[in-house]
Amino acid sequence: MSHRLPPPLRDIESPAGGPAAQPTVEPALQQLLAGLIEAACVVDARALHLLAANAAACDLWGCSLPELLGRPVVELAVTPEDQLFWLDLEADPGQHDVHLHSDSLIERGDGSLRVVERRVSLIRLACGSPAWLLVLVDQQNAQQLADEVSRLASELGATLESSHEAILVTDLNGQVRSHNAAFATLWRLGDDDDSGADDGTARTAGARLTAQISRAMADPLGYETLLDQRQASLSAPLGATEPVGARCATDRLLLADGRTFERRLVPQYGRGQAVGWVQVWRDLSLELAQQARLQVAAQVFEASLDALIVTDAQHRIVATNPVTQALTGLDAGALQGRTLASLLADTMQAQVISNALAELPRLGHWQGELTLGSPLGALPVQAHLIDMAGLERGGAGGCIVVLRDLRERLAQERRLRELALTDALTGLPNRLQLDQKVRDEVQRCQKATGGFALLLFGLDRFTHINDSLGHGCGDRVLVEVARRLSANVRLGDAVARLGGDSFVMMLKDSDAAAAEPIARRLLEQLAEPLALDGLRLTIKASVGIALFPADGADADNLLKNADSAMHRVKERQGGALRFYQPQMNDDLLARMQLDHAMRQALARGEFRLHYQPQLDLHSGAVIGAEGLCRWRDAERGEVSPGRFIPVAEETGFIAELGHWVLCEAVAQAASWRRQGLRMPVSVNVSALQFQAAGFVDSVAGVLAQAQLPAELLELELTESILLGDIDEIVGQLQRLADLGVKLAIDDFGTGYSSLRYLKRLPIHRLKIDRDFIRRLPDDPSDAAITRTIVDLGRALHLQVIAEGVETPEQHACLAAMGCHEYQGFLFAPALPATQFEALLRQSLRRLA
1 MSHRLPPPLR DIESPAGGPA AQPTVEPALQ QLLAGLIEAA CVVDARALHL
51 LAANAAACDL WGCSLPELLG RPVVELAVTP EDQLFWLDLE ADPGQHDVHL
101 HSDSLIERGD GSLRVVERRV SLIRLACGSP AWLLVLVDQQ NAQQLADEVS
151 RLASELGATL ESSHEAILVT DLNGQVRSHN AAFATLWRLG DDDDSGADDG
201 TARTAGARLT AQISRAMADP LGYETLLDQR QASLSAPLGA TEPVGARCAT
251 DRLLLADGRT FERRLVPQYG RGQAVGWVQV WRDLSLELAQ QARLQVAAQV
301 FEASLDALIV TDAQHRIVAT NPVTQALTGL DAGALQGRTL ASLLADTMQA
351 QVISNALAEL PRLGHWQGEL TLGSPLGALP VQAHLIDMAG LERGGAGGCI
401 VVLRDLRERL AQERRLRELA LTDALTGLPN RLQLDQKVRD EVQRCQKATG
451 GFALLLFGLD RFTHINDSLG HGCGDRVLVE VARRLSANVR LGDAVARLGG
501 DSFVMMLKDS DAAAAEPIAR RLLEQLAEPL ALDGLRLTIK ASVGIALFPA
551 DGADADNLLK NADSAMHRVK ERQGGALRFY QPQMNDDLLA RMQLDHAMRQ
601 ALARGEFRLH YQPQLDLHSG AVIGAEGLCR WRDAERGEVS PGRFIPVAEE
651 TGFIAELGHW VLCEAVAQAA SWRRQGLRMP VSVNVSALQF QAAGFVDSVA
701 GVLAQAQLPA ELLELELTES ILLGDIDEIV GQLQRLADLG VKLAIDDFGT
751 GYSSLRYLKR LPIHRLKIDR DFIRRLPDDP SDAAITRTIV DLGRALHLQV
801 IAEGVETPEQ HACLAAMGCH EYQGFLFAPA LPATQFEALL RQSLRRLA
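Going by UniProt numbering, the final residue of the sequence shown carries number 848, and the count climbs one at a time with no gaps.
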């Protein structure tokens with residue numbers, strides 16, 4: 001077989017031997033052939049010559065167009081079957097008005113063979129002649145194309161399955177055609193999903209998935225409406241100048257479970273027509289949450305009370321908040337690009353931050369105090385550096401810097417130190433600061449072999465002022481004392497308040513001779529009258545003096561010894577000074593032991609109550625009894641009330657002891673009443689006891705428990721109780737009077753009572769102090785005072801009783817003055833309850 005095509009036959013003869021007319025192919029058909037991709041030829045149906053061929057046919061045969069035109073197709077046939085095929089067509093072309101489709105074999109110009117798909121159709125030329133349209137498809141190219149399509153489809157499928165994006169393919173009606181694994185994961189589809197099965201099963205599964213997506217939406221109806229809108233937009237014809245990408249769309253969809261999805265729609269086209277959508281789904285929930293967190297972080301960054309700085313890997317500033325700008329005095333633009341070291345006050349600080357930044361990658365964070373340079377001067381800050389590489393693996397580096405302004409904290413610390421060393425009320429140094437000053441002075445004196453004096457001031461009767469006038473007035477007294485003492489401090493000396501009414505003055509380079517005149521001058525200045533709420537108070541103080549080194553080598557011993565000396569002054573009515581003597585500590589210890597013994601005695605029931613009769617001065621009838629506390633100690637024996645009562649008042653034990661006296665006296669009066677002896681009892685009430693919260697209720701409770709009528713109880717109040725808020729005092733006394741309790745003023749004439757207030761008090765008796773009775777009738781002054789009190793009582797319609805009556809002359813004098821009642825040794829001392837009861841019955845029989 002020849003490997004080259006034979007030359008074309010230029011002359012075609014008719015069957016009769018003469019030349020035949022050759023049909024012509026009109027230009028329109030030739031243009032149609034030229035536009036075909038496949039190899040196409042037009043064959044004369046009668047002569048089986050090639051009338052026309054396109055470029056694809058020339059390429060397929062591997063020859064030029066002139067070499068093909070005019071050739072008999074039988075000559076181009078390679079196999080006998082192909083020759084017979086054409087000869088059959090030549091025999092009767094009219095019998096074959098059909099389309100023929102078969103495989104064939106052709107020989108190319110280079111001698112190679114090529115398998116082709118042959119399609120033959122009968123056509124009519126414009127001239128009316130029949131012709132065959134021969135279309136040849138190179139099977140080798142078709143197989144290569146099919147293989148390529150298969151390969152591309154496989155690669156595309158693998159790409160889609162490996163993609164992290166969830167991809168869904170739908171038709172124009174929104175019905176699911178396919179999806180990838182990421183989509184199944186996103187929508188939590190199970191293993192039984194069969195949308196990729198055969199056509200029928202896939203359509204059913206796709207319909208279920210479409211319905212599932214619709215139901216999952218927060219607004220299913222709205223989702224269906226959106227699908228209709230998208231379908232309508234894709235179905236509209238594409239404009240001539242409209243890019244295909246113009247039909248792409250992005251939707252944000254809210255699901256019923258709270259998740260938010262983004263769906264990107266990309267149209268799918270086939271042969272220029274829209275055939276469906278490629279949908280790319282993405283769960284935005286985490287991203288939106290992250291965005292929300294970033295927004296919160298940004299707000300925190302801007303609103304933080306601390307200065308916040310973000311740097312890059314070279315430690316240049318890339319972001320700052322307003323606090324940073326306020327601290328540095330630079331705006332954000334001026335701070336941008338600067339180094340952290342450039343913000344610090346000096347090179348030493350810059351070196352500190354450089355060292356910290358060098359260690360930051362290893363440590364992860366650094367914390368310390370730095371000093372910024374600012375328009376306000378050196379600015380102390382607390383710095384905290386955090387390495388961002390540790391926060392975000394693979395990040396670009398850099399760090400976050402937190403700066404906290406320390407000015408307020410340092411000021412607070414200074415203030416706390418001051419408060420820790422300063423008395424809050426007076427502003428004077430407190431005990432801690434005094435101890436330090438004394439230690440410093442001790443060290444100085446030890447080096448210079450010198451000495452100093454420690455003066456301890458205690459205000460006399462301050463507890464009465466404080467309890468009666470109230471703590472507010474008491475505080476004002478303390479502030480004034482502090483002012484007067486501070487006004488007399490020499491350079492190098494110190495004054496401090498220990499607490500309560502105790503003040504200390506340290507006199508440098510002072511011995512006894514130097515300290516005494518200073519102490520006396522201070523006592524005189526403290527004694528100057530003080531106007532307080534309409535009252536003129538005289539502040540008296542007792543001063544104890546201890547000397548270094550003779551009386552102690554440290555603050556504790558010096559203060560202890562000065563305190564002993566001060567209490568010795570108080571025992572002698574106060575208002576004076578005294579130097580420490582070793583014996584004084586023994587006395588202080590004795591007082592402490594006495595206080596402890598009293599408290600134990602009350603718990604053990606060692607206290608008892610004696611009763612002193614109160615008599616009608618004219619008839620001699622016993623009209624009442626005053627309950628007086630007595631104490632016999634197992635070690636001390638009988639302890640005088642003059643000894644233990646002052647200590648009880650000093651320590652505050654008097655309130656507890658006074659309540660016991662009240663309960664005991666009321667119980668005894670109730671017992672006598674049950675025996676037919678109606679005998680009123682009176683008891684003393686201290687200022688501390690009277691000022692205690694709930695005192696009136698306490699009295700009412702004691703009376704109720706004993707079932708004693710209130711008129712059989714009398715409370716004797718000292719005049720010091722009347723110092724204070726008179727309206728509050730009158731109110732409390734009135735509540736007692738409303739109970740039926742009788743009220744008396746004890747030791748009348750020895751205190752600070754105002755006659756203007758006296759008439760407002762609901763009292764029924766005045767009690768003349770024994771000091772005015774002792775020298776009657778010989779002392780004219782005492783007689784005048786006593787007569788005045790009696791006359792005052794009559795004028796105010798009050799009973800007047802004199803205590804301490806011991807002689808008939810005193811009795812006669814009081815009777816002449818018109819005094820109503822008396823008590824004292826003239827008739828009987830205070831007696832145990834049984835002896836008092838016997839004396840009472842004897843008196844009743846005598847008067848009967």
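For every residue, glycine included, the Cβ atom is placed at its ideal position computed from N, Cα and C. All figures in this text were calculated on a predicted structure; none of them were measured in a lab.
Three or more beta-carbon pairs separated by less than 8 angstroms are not found between the stretch 567-576 and the stretch 504-516, which leaves the two stretches without contact. Cα atoms of L100 and W187: separation of roughly 51 angstroms, rounded to the nearest angstrom. Under the 10 Å beta carbon count, G658 is surrounded by 16 or more other beta carbons and is classified as buried. H797 carries a coil assignment under DSSP once its states are collapsed to helix, strand and coil.
For K540, the three-state secondary structure derived from DSSP is coil. The Cβ atoms of V683 and L662 sit closer than 8 angstroms to each other.
A Cβ-Cβ distance of about 5 angstroms is found for the pair Q823 and Q612, placing them in contact under the 8 angstroms criterion. In this structure the stretch 462-479 does not lie against the stretch 553-562, because fewer than three pairs of beta carbons, one per stretch, are closer than 8 angstroms.
Apart from the 5 residues on each side of it in sequence, L284 sits with its Cβ closer than 6 angstroms to the Cβ of T260 and E262 in its chain, given in chain order. P529 is positioned such that its CB atom lies no closer than 8 angstroms to that of R520.
By the 16-neighbour rule on beta-carbons within 10 angstroms, C41 is buried. With three or more CB-CB distances shorter than 8 angstroms, the stretch 303-316 counts as touching the stretch 396-410.
Nearest in C-alpha terms to S698, of all of L739, L532 and G818, is L739. By the beta-carbon neighbour count (other beta carbons within 10 angstroms, threshold 16), I213 is buried. In the structure shown, the three-state DSSP call for C629 is strand. For the beta strand (DSSP E) assignment, the uninterrupted runs of no fewer than 3 residues enclosed by the stretch 291-379 are, from N- to C-terminal side, 307-311, 317-320 and 365-374. In the three-state DSSP reduction, A815 falls in the helix class (H, G or I). Rounded to the nearest whole angstrom, the C-alpha separation of L60 and L189 is 51 angstroms. For H99, the enclosing beta strand (DSSP E) stretches over residues H99 to E107. By the neighbour-count criterion, in which 16 or more other beta carbons inside 10 Å mark a residue as buried, N321 falls on the buried side. Each residue's CA atom was taken as its position, placing R775 and Q842 some 31 angstroms apart. Rounded to the nearest whole angstrom, the C-alpha separation of G500 and A784 is 40 angstroms.
C41 sits in a strand when the DSSP states are folded into three classes.
Contact between V323 and S304 is confirmed by a C-beta separation of about 6 angstroms, below the 8 angstroms threshold. Looking at the DSSP output, A383 sits in a beta bridge with G368 and L403. Pairing F748 with L733 gives a Cβ-Cβ distance that is not under 8 angstroms. Residue nearest to R71 within the set D44, G62, A693 and L425 is D44 (criterion: CA-CA distance). At a cut-off of 3 residues, the continuous stretches assigned as beta strand (DSSP E) that sit fully inside the stretch 593-619 are 607-616. Apart from the 5 residues on each side of it in sequence, A126 sits with its Cβ closer than 7 angstroms to the Cβ of E26 in its chain, given in chain order. C-alpha of R794 to C-alpha of A816: approximately 14 angstroms in a straight line. Collapsing the DSSP output to three states places G458 in a strand. Under the three-state reduction of DSSP output, L69 falls in the coil class, being neither helix nor strand. For Q30, the enclosing alpha helix (DSSP H) covers residues P27 to G35.
Only buried fits R578, as 16 or more other CB atoms lie within 10 angstroms of its CB. Within the UniProt domain "GGDEF" (450-582), the beta strand (DSSP E) runs of at least 3 residues that lie entirely inside it are, in chain order, 452-459, 494-499, 502-508, 530-532, 535-537, 541-548 and 577-579. For D251, the enclosing beta strand (DSSP E) starts and ends at A249 to L254.
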